[in-house]
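In what follows, a single structure is set out as structure tokens and then discussed.
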Amino acid sequence: MDNISVLERYEHDAAEWTRAHGGSVVEVHCYALTSDATVPGMRSRVLDELHRVYPETTTAGIVDERHELRADCPLFPPGGFAARPTITTPEPGLVLAGDHVRVDLPVALMERAATSGMLAANRLLRLWGLRGHDVWSVPVAGRSPLLRLAARFA
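When we follow the working numbering, the leftmost residue of the sequence shown carries the number 182, and every step to the right adds one.
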């Protein structure tokens, strides 16, 4: 499981449904599945993970559920981050952006597409002598030097 979204907190239709019926509208994403994964085979594992992350869902009833199993997301194996293409290329006017592009910021799949697009656009704008847009992120390293040192040995 890669993502749990509590949709009524930011999506209008889900918020309307929650106001009318109570409960919650939850979306769970699992991007890195094996090629032989099936909805019936994954359903209980996904629910178990949802209950582990949000224990309050253990006793919640399911009013409706919908499943999509698609093979249209780039899959990168564990440890494959360093091998991803970067935004910059040897050709100054050519940049890359998308889910597959390496971004050295703590971003997930969809956020990586948007962030790499902003960074790529900024790179091109700099080439043309124009100012781009700031990209804000959480720190990529801990604030405490002592804890950073300890993390190396964990």
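Cβ coordinates follow ideal geometry from the N, Cα and C atoms, glycine included. Please read all numbers here as calculations on a predicted model, not as lab measurements.
Ranking Phe334, Ala301, Met223 and Glu192 by CA distance to the CA of Leu250 puts Met223 first. Distance from the CA atom of Tyr212 to the CA atom of Ala289, rounded to whole angstroms, is 11 Å. Counting only residues of its own chain and dropping the five nearest sequence neighbours on each side, Arg307 has a CB closer than 7 Å to the CB of Gly313. Around Val187, the same chain offers Ser205 and Val207 as residues with beta carbons nearer than 7 Å, after the five sequence neighbours per side are excluded. The DSSP assignment places complete alpha helix (DSSP H) segments of no fewer than 4 residues inside the region 277-311 at 290-308, in order along the chain. Assigned with DSSP and collapsed to three states, Val227 falls in helix. The DSSP-derived three-state label of Val207 is strand. Under DSSP, Ser186 forms a beta bridge with Glu208. Proximity of the region 295-304 to the region 272-286 meets the contact definition, three or more beta-carbon pairs being nearer than 8 Å.
Between Glu189 and Thr199, the C-beta gap is smaller than 7 Å, which places the two residues in contact.
Rounded to the nearest angstrom, the gap between the Cα atoms of Ala278 and Ala252 is 20 Å. Here Ala322 is actually not in contact with Arg333; their C-beta atoms are around 11 Å apart, not less than 8 Å. In the structure shown, the three-state DSSP call for Thr267 is strand.
Thr240 sits away from His232, with the two beta carbons spaced by 7 Å or more.
Rounded to the nearest whole angstrom, the CA to CA distance from Glu292 to Ala196 is 23 Å.
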